[in-house]
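Beneath this line is the structure, given in structure tokens, with notes to follow.
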Amino acid sequence: MTGKTVITIGREFGSGGREIGKKLAERLQIAFYDKELLEVAAKESGICKELFESNDEKPVNSLLYSLSVNPYSVGTIAGTSDLLPINNKLFLAQFDAIRKVAQQHSCVIVGRCADYALRDEPDCYHIFIHAPLQTRIKRIKELYELSSGEAKDLILKTDKKRSAYYNSYADHKWGEIGNHHLVADSSMLGIDGCVELIIKFLELQNRYRSL
Numbered sequence: 232m233t234g235k236t237v238i239t240i241g242r243e244f245g246s247g248g249r250e251i252g253k254k255l256a257e258r259l260q261i262a263f264y265d266k267e268l269l270e271v272a273a274k275e276s277g278i279c280k281e282l283f284e285s286n287d288e289k290p291v292n293s294l295l296y297s298l299s300v301n302p303y304s305v306g307t308i309a310g311t312s313d314l315l316p317i318n319n320k321l322f323l324a325q326f327d328a329i330r331k332v333a334q335q336h337s338c339v340i341v342g343r344c345a346d347y348a349l350r351d352e353p354d355c356y357h358i359f360i361h362a363p364l365q366t367r368i369k370r371i372k373e374l375y376e377l378s379s380g381e382a383k384d385l386i387l388k389t390d391k392k393r394s395a396y397y398n399s400y401a402d403h404k405w406g407e408i409g410n411h412h413l414v415a416d417s418s419m420l421g422i423d424g425c426v427e428l429i430i431k432f433l434e435l436q437n438r439y440r441s442l
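Using my numbering, read the sequence shown as starting at 232 and increasing by one per residue.
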């Protein structure tokens, strides 16, 4: 793989998307951003990290749609501070942070609507990881020591929150196949298998582009 490469990973809760992203970044020896992105956004915007953490991937109102369509028209976060409520400022700070890290270096970014924020960026590949509900219930039961009912409830609530967050400003729906370059079922390939698949996809894409 040559040049700069940015990979965004959307994921259903319990599908192992974060672990896949982390292992992928390690294999490719590039930066990894999940909650680490909140630290970048806090540092760049001057807003305390705790506010980002308490509002992480929570839905925002429709005011952001017009802003997110053309983020350059927004200007800096400071320039809009008198116009927007705090949750909107937090979203725009994350939006700016995503674009900045993607412009600076190769990286893997998990969640936080990164695929939409970087929809027009070259050398950026959008991956979505999913798995059947029963497989995800089993995984979440083991990770958090929950009953089957508790695990299912947590999965449904988390996916609903992620979907609402994404759909609150994007012009397409969370998890839609057509908006991703690659979609993988982690129940069929496993965590390591998904990592291998993504690496092979990147290798083939790089080879195709060099022809």
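Every residue gets a Cβ at the ideal spot worked out from N, C-alpha and C, and that includes glycine.
Rounded to whole angstroms, F244 and Y347 show a C-alpha spacing of 19 Å. Within the same chain, V414 come within 7 Å of I408 by CB-CB distance, once the 5 residues on both sides are set aside. Under the three-state reduction of DSSP output, G424 falls in the helix class.
Leaving aside the five residues that flank H361 on each side, the residues in its chain whose CB is nearer than 8 Å to its CB run, in chain order, R242, E243, S246, G406, V414, A415, D416, S417.
Under DSSP, R242 shares a beta bridge with I360. When the beta-carbon positions are compared, A272 and A324 come within less than 8 Å of each other.
Taking the CA atoms as reference points, K391 sits about 15 Å from E381. The beta carbon of L428 sits closer than 7 Å to those of A415, L420, all from its chain and outside the five residues before and after it, given in chain order. Positions of the alpha helix (DSSP H) runs, each at least 4 residues long and wholly inside the segment 253-277, are given as 267-276 in order along the chain. Within a 10 Å sphere around the beta-carbon of G342 sit 16 or more other beta-carbons, which makes this residue buried.
Per DSSP, L413 is one residue of the beta strand (DSSP E) stretching across 413-416. Between V339 and L255, the C-beta gap is smaller than 8 Å, which places the two residues in contact. By the criterion of a C-beta distance shorter than 6 Å, R370 is surrounded in its chain by G245, once the five residues flanking it on both sides are discounted. If you draw a straight line from the Cα of P353 to the Cα of S399, it comes to about 25 Å. The DSSP assignment places complete beta strand (DSSP E) segments of no fewer than 3 residues inside the segment 332-380 at 338-341, 355-361, in order along the chain. Around T389, the same chain offers F244 as residues with beta carbons nearer than 7 Å, after the five sequence neighbours per side are excluded. For the pair E257 and S276, the Cα-to-Cα distance works out to about 28 Å.
Inclusion of L385 and L377 in the CB contact set at 8 Å is warranted, their separation being smaller than that value.
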